[in-house]
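Notes follow the structure.
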Amino acid sequence: MYLENITKRKNRKNKSKRLGRGYGSGVGGHTVGRGQKGQKSRSGHKSTVAFEGGNVPFFRRMPKYRGFNNPNKVRAQVISVRDIQENFKSKEVVSFDSLREKKMVRIKPDFIKILGNGELNKAVIIEGIQVSASAREKIEKAGGVIK
Numbered sequence: 000m001y002l003e004n005i006t007k008r009k010n011r012k013n014k015s016k017r018l019g020r021g022y023g024s025g026v027g028g029h030t031v032g033r034g035q036k037g038q039k040s041r042s043g044h045k046s047t048v049a050f051e052g053g054n055v056p057f058f059r060r061m062p063k064y065r066g067f068n069n070p071n072k073v074r075a076q077v078i079s080v081r082d083i084q085e086n087f088k089s090k091e092v093v094s095f096d097s098l099r100e101k102k103m104v105r106i107k108p109d110f111i112k113i114l115g116n117g118e119l120n121k122a123v124i125i126e127g128i129q130v131s132a133s134a135r136e137k138i139e140k141a142g143g144v145i146k
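Just so you know, we're using numbering that gives the first Met the number 0 here: the sequence shown kicks off at 0 and counts up by one.
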């Protein structure tokens, strides 16, 4: 590679305007493209990103965040007997994994509990899930088993 063989770049940037070099330069002159008077025309002007010309900045107009996240909060997932009736077949196992496969449960609840809302006429097997008293009654009446 030789210097005489290097092609000129097509996307060259133009040289920046040389402001404030007198009237004869064709650029600027008296005000040098800064408008007339005021804070922005003076030397040394540099405002912050959030500066809004003396108005209260946006981040100060917004309300403060209040509250906190309780690290001891128990995140429970509730499933009704009606949901089991609609999504499971007879003699099928209802467990955390089977509920997650059918997208009835979040990724990681602290515990799952079955409540007695609705009717159940399928005999299902429940493993490793808490059951309310009314749900237990309906599941056993339908011939289901709770392990």
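Quick reminder that beta carbons are idealized off the backbone N, C-alpha and C, glycines included.
Just so it is clear, the structure is predicted and the values come from calculations on it, not from any experiment.
- Item | Rounded straight-line distance, which links the Cα of residue 64 to that of residue 15 | Along the sequence shown, read from residue 1 onward, the residue named residue 15 stands at position 16. Along the sequence shown, read from residue 1 onward, the residue named residue 64 stands at position 65. Looking at the two C-alpha atoms, the distance is approximately 45 Å.
- Message: Suppose contacts are defined by Cβ-Cβ distances below 8 Å. Is residue 83 in contact with residue 123 by that definition?
- Response: The count along the sequence shown starts at 1 and reaches residue 83 at position 84. The count along the sequence shown starts at 1 and reaches residue 123 at position 124. Yes; because the gap between Cβ atoms is below 8 Å, this pair is in contact.
- Message: Restricting to Cα atoms, I'd like to know which of 9, 121, 72, 100 is closest to residue 140.
- Response: Locating residue 140 in the sequence shown gives position 141, counting from the first residue. Measuring from the Cα of residue 140, the nearest candidate turns out to be 121.
- Taking 8 Å as the cut-off, decide whether the C-beta atoms of residue 38 and residue 29 are in contact. Mapped onto the sequence shown, residue 38 falls at position 39. Mapped onto the sequence shown, residue 29 falls at position 30. For the pair residue 38 and residue 29, the CB atoms are not nearer than the 8 Å cut-off.
- From 80, 67, 36, residue whose alpha carbon lies closest to that of residue 137: Your numbering for residue 137 matches position 138 in the sequence shown. Nearest option by C-alpha distance: 80.
- Query: How many angstroms separate the CA atom of residue 75 from the CA atom of residue 49?
  - Reply: As a position in the sequence shown, residue 75 is number 76, starting the count at 1. As a position in the sequence shown, residue 49 is number 50, starting the count at 1. Taking the straight line from one Cα to the other gives about 43 Å.
- Message: Between 133, 85, 107, 10, which has its C-alpha nearest residue 114's C-alpha?
- Response: For the purposes of this step, residue 114 is taken as residue 115 along the sequence shown, with counting starting at 1. Selected option, being the one with the closest Cα: 133.
- Message: So, with DSSP's three-state summary, where would you put residue 26?
- Response: Position 27 of the sequence shown, counted from the first residue, corresponds to residue 26. Three-state result, residue 26: coil.
- Item | residue 97 in three-state terms, based on DSSP | Position 98 of the sequence shown, counted from the first residue, corresponds to residue 97. Residue 97: helix per DSSP, three-state reduction.
- Query: In terms of residues, what are the limits of the alpha helix (DSSP H) holding residue 84?
  - Reply: On the sequence shown, residue 84 is found 85 positions in, with the first residue counted as 1. Note, residue 84: alpha helix (DSSP H), 80-86.
- Query: Name the DSSP bridge partner or partners of residue 73?
  - Reply: Numbered from its first residue, the sequence shown carries residue 73 at position 74. Note: residue 73 sits in no beta bridge, so no partner.
- For the region 106-140, list the beta strand (DSSP E) runs that are entirely contained and at least 3 residues long, ordered along the chain. Complete beta strand (DSSP E) runs here, min 3: 110-114.
- Task: Give me whichever residues DSSP pairs with residue 5 in a beta bridge.
- Result: Within the sequence shown, the letter at position 6 stands for residue 5. Bridge pairing for residue 5: absent [DSSP].
- Return the first residue and the last residue of the alpha helix (DSSP H) that residue 57 is part of. Counted from its first residue, the sequence shown places residue 57 at position 58. For residue 57, the enclosing alpha helix (DSSP H) starts and ends at 57-60.
- Item | Alpha-carbon spacing of residue 52 relative to residue 26, whole angstroms | In the sequence shown, residue 52 corresponds to position 53, counting from 1. In the sequence shown, residue 26 corresponds to position 27, counting from 1. Near 28 Å, if we compare the C-alpha coordinates of residue 26 and residue 52.
- Query: In terms of DSSP beta bridges, what is residue 144 paired with?
  - Reply: Translated into the one-based positions of the sequence shown, residue 144 becomes position 145. Bridge partners of residue 144: 124.
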